[in-house]
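Undergrad: Numbering-wise (the working numbering), the sequence shown opens with residue 1 and increments by one.
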Amino acid sequence: MKVPLLDLAAQYASIKPEIDAALDRVVASQRFVLGPVVQACEEAVADYVGSAHGIGVSSGTDALLVALMAEDIGPGDEVVTTPFSFFATAGAIARVGATPVFVDIDPVTFNIDPALIEARITARTRAILPVHLFGQMAEMAPIMEIARRHGLAVIEDAAQAIGAHHDDHTAGSVGHYGCFSFYPTKNLGGYGDGGIVVTDDPARAEKLRALRVHGETTRYHHRFVGGNFRLDALQAAVIHAKLPHLECWTEARIANAAMYRGLLDSSAALGLPRVVTDRHVFNQFVVRVADRDRVQARLTAAGIGTAIYYPVPLHLQECFAELGYPPGDLPNAERAANEVLALPIFPELTAGQIRHVAQNLVDIVLYG
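Have a look at this one:
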């Protein structure tokens with residue numbers, strides 16, 4: 001049995017008429033940049049997340065970038081964030097000229113450890129950028145309290161966590177900005193790059209809308225220096241058509257994760273993901289394996305798709321060497337980078353496929 005890490009074709013087949021009709025309407029309108037289709041998508045996603053404003057942008061990376069720009073964060077400034085995330089989290093900070101300040105993770109959730117944040121705040125700190133990794137929210141209550149005490153902005157990287165929630169709050173709706181990705185592998189994915197920033201602050205929303213069109217406020221009049229960060233109408237049409245299905249897909253991911261747990265719980269050699277928030281949406285189902293690379297190779301040979309997120313923590317990336325973090329400085333992130341292995345978790349997985357993955361994994365871990 002072959003089990004891919006992700007099967008987007010299966011999802012498309014299940015909603016093909018809706019997607020095709022949505023794309024046809026955009027093509028017939030010949031309005032491909034911003035416009036009513038993008039606005040409708042922005043409003044629907046913001047409503048789903050629980051925020052007042054949604055500003056569609058060109059990618060999840062650009063969502064982070066434009067949020068930092070909206071806060072006028074730049075050279076000489078510092079932004080506290082996690083070392084265990086996709087590169088864009090720290091890359092966006094560096095691109096505005098600021099310095100990422102890395103704080104180690106909670107080994108249970110893989111998210112930034114709030115207890116370690118305050119010690120890294122200096123007079124140059126301007127923002128905290130937590131990541132809701134793999135679909136589970138970071139602990140936002142202490143993060144927001146730290147930010148309040150120090151007058152900092154909070155920019156949530158919720159790229160992997162749309163629909164996650166904890167303590168009556170949804171991912172992306174707690175901080176001053178929530179940044180989401182519509183990359184095809186996300187729980188709500190488009191057919192190319194796309195993203196959105198949500199906020200409850202009307203002034204911030206107005207500035208974000210200007211920044212995504214080169215800082216233009218009225219035609220050919222630029223209050224700010226922005227960029228070309230627009231969400232195109234074709235991607236917005238796909239996202240809007242998919243959104244009504246997101247809850248069903250999320251529940252399928254949660255059910256798949258529960259089945260994995262039932263099949264794998266007896267193996268002491270595996271570290272299983274722990275759910276410590278009200279709703280983990282499982283963009284990835286990540287286990288810990290001491291001999292990870294060998295296990296992955298054996299699963300690949302058995303026709304089972306896996307992935308490693310992320311093999312090199314951000315503080316040890318070559319481009320950040322000048323920041324001076326030596327190996328061993330952030331041990332929880334470094335251990336995670338050496339042990340994590342993502343298994344297939346997409347909504348269309350069958351029970352037979354899950355049993356096949358689990359049995360192969362147990363056999364390989366226990367018997368070599």
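Built from N, CA and C at the ideal position, the CB exists for glycine as well. The model shown is predicted, which means the values in this text are computed figures rather than measured ones.
Assuming contact is defined by CB atoms lying nearer than 9 Å, are VAL38 and PHE180 in contact in what I supplied?
TA: In the sequence shown, the residue the question calls residue 38 occupies position 38. In the sequence shown, the residue the question calls residue 180 occupies position 180. Not closer than 9 Å, so no.
Undergrad: Where does VAL289 fall in DSSP's three states?
TA: Counted from its first residue, the sequence shown places residue 289 at position 289. Strand.
Undergrad: Just list the residues that DSSP pairs PHE110 with in beta bridges.
TA: The residue you call residue 110 lines up with position 110 of the sequence shown. None, per the DSSP bridge assignment.
Undergrad: Let me confirm a value: CYS41 is counted as buried when at least 16 other C-beta atoms fall within 10 Å, else exposed. Which label applies?
TA: Here the question's residue 41 lines up with position 41 in the sequence shown. The residue in question, CYS41, is buried, as its Cβ has 16 or more Cβ neighbours within 10 Å.
Undergrad: On the DSSP bridge list, what partners appear for ILE128?
TA: Numbered from its first residue, the sequence shown carries residue 128 at position 128. Answer by DSSP bridge pairing, in chain order: VAL80 and VAL154.
Undergrad: Which residue from CYS319, GLY227 and ARG279 puts its Cα closest to that of ALA164?
TA: Position 164 of the sequence shown, counted from the first residue, corresponds to residue 164. Among CYS319, GLY227 and ARG279, the Cα nearest to that of ALA164 is on ARG279.
Undergrad: Is ALA141 near ASP167, with beta carbons less than 9 Å apart?
TA: Along the sequence shown, read from residue 1 onward, the residue named residue 141 stands at position 141. Along the sequence shown, read from residue 1 onward, the residue named residue 167 stands at position 167. The answer is yes: Cβ separation under 9 Å.
Undergrad: Quick one, which of ALA119, TYR309, HIS214 and ILE239 has its alpha-carbon nearest ILE196's?
TA: Taking the sequence shown and counting its residues from 1, one reaches residue 196 at position 196. For the residues ALA119, TYR309, HIS214 and ILE239, the minimum Cα distance to ILE196 belongs to ILE239.
Undergrad: What is the residue span of the alpha helix (DSSP H) that GLU43 lies within?
TA: Counting from 1 along the sequence shown, the entry for residue 43 is found at position 43. Unbroken alpha helix (DSSP H) run through GLU43: 36-49.
Undergrad: Give the C-beta separation of VAL26 and ALA269 to the nearest angstrom, bearing in mind that I take them to be a contact with Cβ-Cβ under 8 Å.
TA: Counting from one through the sequence shown, the residue named residue 26 turns up at place 26. Counting from one through the sequence shown, the residue named residue 269 turns up at place 269. Not confirmed; about 50 Å, so no contact.
Undergrad: What is the residue span of the alpha helix (DSSP H) that CYS248 lies within?
TA: Indexing the sequence shown from 1 puts residue 248 at position 248. Here the alpha helix (DSSP H) through CYS248 covers 246-264.
Undergrad: Any heavy atom of the ligand GTP closer than 8 Å to the CB of LEU129?
TA: No copy of the ligand GTP appears in this structure; indeed no ligand is present at all.
Undergrad: For PRO100, name the three-state secondary structure that DSSP assigns.
TA: The residue you call residue 100 lines up with position 100 of the sequence shown. Three-state result, PRO100: strand.
Undergrad: Between the alpha carbons of ALA9 and HIS150, how many angstroms are there, rounded?
TA: One-based indexing of the sequence shown puts residue 9 at position 9. One-based indexing of the sequence shown puts residue 150 at position 150. Going by the C-alpha atoms only, they are around 47 Å apart.
Undergrad: Mind checking which residues open and close the alpha helix (DSSP H) that includes TYR309?
TA: Position 309 of the sequence shown, counted from the first residue, corresponds to residue 309. From DSSP, TYR309 is part of no alpha helix (DSSP H); its letter is neither H nor E.
Undergrad: Is the separation between the beta-carbon of PRO344 and that of VAL357 shorter than 9 Å?
TA: Looking up residue 344 in the sequence shown gives position 344. Looking up residue 357 in the sequence shown gives position 357. Contact flag set, yes.
Undergrad: Could you tell me which residues DSSP pairs with ASN228 in its beta bridges?
TA: Counted from its first residue, the sequence shown places residue 228 at position 228. Paired residue(s): VAL213.
Undergrad: So does the stretch 330-340 actually touch the stretch 64-84, counting three or more Cβ pairs closer than 8 Å?
TA: The stretch 330-340, when compared against the stretch 64-84, does touch it at the 8 Å Cβ threshold.
Undergrad: Provide the residue span of the beta strand (DSSP E) that contains ASN340, from first to last.
TA: Here residue 340 refers to the residue found at position 340 when the sequence shown is read from its first residue. Before going on, a small fix: residue 340 reads as Val here, not Asn. Looking at the DSSP string, the run of the beta strand (DSSP E) that includes VAL340 is 340-343.
Undergrad: On the CB-based measure, 16 or more other CB atoms within 10 Å of its CB, does ARG209 come out buried or exposed?
TA: For the purposes of this step, residue 209 is taken as the residue at position 209 of the sequence shown. Looking at its Cβ environment, which holds 16 or more other Cβ atoms inside 10 Å, ARG209 is buried.
Undergrad: Identify, in the order they occur along the chain, each residue of the same chain with its Cβ nearer than 7 Å to the Cβ of ALA124, setting aside the five sequence neighbours on each side.
TA: Looking up residue 124 in the sequence shown gives position 124. Here the sequence assigns Arg to residue 124, which means Ala is not the residue at that position. If we look at ARG124 and ignore the five residues flanking it on each side, its Cβ neighbours are GLY76, ASP77 and GLU78.
Undergrad: Could you tell me the alpha carbon to alpha carbon distance between ASP34 and ALA52, rounded to whole angstroms?
TA: Counting from 1 along the sequence shown, the entry for residue 34 is found at position 34. Counting from 1 along the sequence shown, the entry for residue 52 is found at position 52. Reading the sequence as shown, one finds Leu at residue 34 and not Asp. Their backbone Cα atoms lie some 19 Å apart in a straight line.
Undergrad: Is DSSP giving TYR177 helix, strand or coil here?
TA: Here the question's residue 177 lines up with position 177 in the sequence shown. Strand at TYR177.
Undergrad: Please report how far the alpha carbon of ARG126 lies from the alpha carbon of ILE117, in whole angstroms.
TA: Counting from one through the sequence shown, the residue named residue 126 turns up at place 126. Counting from one through the sequence shown, the residue named residue 117 turns up at place 117. Roughly 13 Å separates the two Cα atoms.
Undergrad: With a threshold of 8 Å, are at least 3 pairs of Cβ atoms found where one atom belongs to the stretch 218-234 and the other to the stretch 253-260?
TA: The answer is no - the stretch 253-260 does not touch the stretch 218-234, with fewer than three Cβ pairs under 8 Å.
Undergrad: By DSSP's criteria, VAL198 is part of a beta bridge. Which residues make up the other side?
TA: As a working note, residue 198 is residue 198 in the sequence shown. Answer is GLY54 and GLY178, bridged to VAL198.
Undergrad: If you count every other CB in all the chains shown that lies within 10 Å of the CB of TYR48, and 16 or more means buried, which is it?
TA: Position 48 of the sequence shown, counted from the start, is the residue given in the question as residue 48. Buried: at least 16 other Cβ atoms inside 10 Å.
Undergrad: Helix, strand or coil for LEU366, going by three-state DSSP, please let me know.
TA: Along the sequence shown, one-based indexing puts residue 366 at 366. Note: LEU366 maps to helix in three-state DSSP.
Undergrad: Would DSSP call THR89 helix, strand or coil?
TA: Translated into positions along the sequence shown, residue 89 becomes position 89. Helix.
Undergrad: Taking ILE15 as part of the alpha helix (DSSP H), name the residues at either end of that continuous run.
TA: Indexing the sequence shown from 1 puts residue 15 at position 15. Note, ILE15: alpha helix (DSSP H), 8-29.
Undergrad: With the cut-off set at 9 Å, would you say ILE93 and LEU133 are in Cβ contact?
TA: Numbered from 1 along the sequence shown, position 93 holds the residue referred to as residue 93. Numbered from 1 along the sequence shown, position 133 holds the residue referred to as residue 133. No, they are not a contact pair.
Undergrad: Bridge partners for LEU270 per DSSP, in chain order?
TA: As a working note, residue 270 is residue 270 in the sequence shown. Looking at the DSSP assignment, LEU270 forms a beta bridge with VAL289.
Undergrad: Taking buried to mean at least 16 other C-beta atoms within 10 Å of its own C-beta, is GLN373 buried or exposed?
TA: Because the chain in this structure spans residues 1 to 368, residue 373 falls outside the shown range and cannot be described.
Undergrad: THR218 bridges to which residues according to DSSP?
TA: Against the sequence shown, residue 218 aligns to sequence position 218. For THR218, which the question treats as bridged, DSSP gives the partners HIS221.
Undergrad: Starting from MET69, follow the alpha helix (DSSP H) in both directions and report where the run begins and ends.
TA: Residue numbering aside, residue 69 sits at position 69 when the sequence shown is read from its first letter. Residues 60-70.
Undergrad: Taking the C-alpha atoms as reference points, what is the distance between THR122 and THR170?
TA: Numbered from its first residue, the sequence shown carries residue 122 at position 122. Numbered from its first residue, the sequence shown carries residue 170 at position 170. Looking at the two C-alpha atoms, the distance is approximately 29 Å.
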